[in-house]
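To convert, take the position in the sequence shown, counting from 1, and add 46; that gives the working numbering. Built from N, CA and C at the ideal position, the CB exists for glycine as well. Predicted, not measured: the structure shown is a model, and the values here were computed from it.
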Amino acid sequence: MLDNKNSAKDSIAESQKEKKMRQGNVSLILNSYNDIFSDFDPRGYVQRALSDDFLQECRRAVRDKSPSEEKFELRLLVPKIKRNVNDEIKIKIRLKNHFLKHYLEKKKEIKNLRYSGVAWFIIGVIFSLMAAFIYPFEGFYFDVLFVMIEPAGWFTVWSGLDKIFLNPKDKMPDARFYKKMYGCHITFIDY
Numbered sequence: 047m048l049d050n051k052n053s054a055k056d057s058i059a060e061s062q063k064e065k066k067m068r069q070g071n072v073s074l075i076l077n078s079y080n081d082i083f084s085d086f087d088p089r090g091y092v093q094r095a096l097s098d099d100f101l102q103e104c105r106r107a108v109r110d111k112s113p114s115e116e117k118f119e120l121r122l123l124v125p126k127i128k129r130n131v132n133d134e135i136k137i138k139i140r141l142k143n144h145f146l147k148h149y150l151e152k153k154k155e156i157k158n159l160r161y162s163g164v165a166w167f168i169i170g171v172i173f174s175l176m177a178a179f180i181y182p183f184e185g186f187y188f189d190v191l192f193v194m195i196e197p198a199g200w201f202t203v204w205s206g207l208d209k210i211f212l213n214p215k216d217k218m219p220d221a222r223f224y225k226k227m228y229g230c231h232i233t234f235i236d237y
């Protein structure tokens with residue numbers, strides 16, 4: 047009878063622990079700390095490259111989080127016998143540095159793309175103004191110049207607008223992912 051009560055208490059405690067792990071945050075089960083890192087990189091935790099599988103799982107888990115949920119908890123579940131607090135501190139620093147570095151890179155790419163788009167747009171406007179200036183002149187050379195400059199103006203204007211407004215949208219999901227991951231609180235939990 048006493049064994050049944052203890053096993054029932056253990057079962058309830060186990061289900062509460064599992065419920066706590068799953069609540070509103072991102073939980074990933076790891077066999078060891080090495081699951082976070084690339085198998086091909088022999089360096090220590092502070093410098094080691096992150097595993098593509100780990101990053102893909104993080105993307106999948108974070109994808110449904112709304113932008114207002116930028117401060118969530120990333121729970122990395124590690125077997126109790128394999129936990130090492132000193133390694134966890136190094137890993138947290140490595141993860142934060144990785145996510146910050148890639149967020150800043152993506153942000154810079156988007157900014158450079160937009161600056162490039164503005165430059166293309168301005169060049170296109172200059173070409174279009176040159177075409178408008180050349181249009182009233184007569185002669186073969188002016189006609190050839192007009193035929194070359196007018197489409198160049200249209201092309202560079204629209205390409206510039208594309209670089210300003212459309213191309214950055216392709217890079218935004220990555221930037222958002224890295225921003226969310228940098229802002230998250232990383233904890234290690236044993237199982």
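Limits of the alpha helix (DSSP H) - the one that residue i falls within
i      : result
Phe100 : 98-108
7 Å Cβ shell around residue i - same chain, five flanking residues per side excluded
i      : result
Val108 : Val72, Phe223, Lys226, Met227
Residues near residue i in its chain [Cβ-Cβ closer than 8 Å; skip 5 each side]
i      : result
Lys153 : Ala221
Leu48  : Only weak support exists for where Leu48 lies, its pLDDT of 49 falling under 50; the coordinates are left without a value.
Ala165 : Gly206
Presumed contact (8 Å Cβ cut-off) between residue i and residue j, rounded CB distance
i      : j      : result
Val124 : Tyr79  : 7 Å
Leu159 : Asn213 : 5 Å
Gly170 : Val193 : Contact flag wrong, Cβ pair sits at about 16 Å.
Ile156 : Lys217 : 5 Å
Asp85  : Arg94  : Contact flag wrong, Cβ pair sits at about 10 Å.
Asp81  : Ser97  : 7 Å
Chain-order list of residues whose beta-carbon lies under 6 Å from that of residue i (same chain, five-residue window excluded)
i      : result
Lys138 : Ile232
Glu196 : Ala177
Ile75  : Leu123
Leu120 : Val72, Cys230, Ile232
Residue range of the beta strand (DSSP E) that includes residue i
i      : result
Ser73  : 72-75
Val124 : 119-124
Ile235 : 231-236
Beta-bridge partners of residue i, as assigned by DSSP
i     : result
Phe83 : Leu96
Worksheet item: Considering only residues of the segment 165-226, which uninterrupted alpha helix (DSSP H) runs meet the minimum length of 4 residues and lie entirely inside it, listed in chain order?
Response: 186-207
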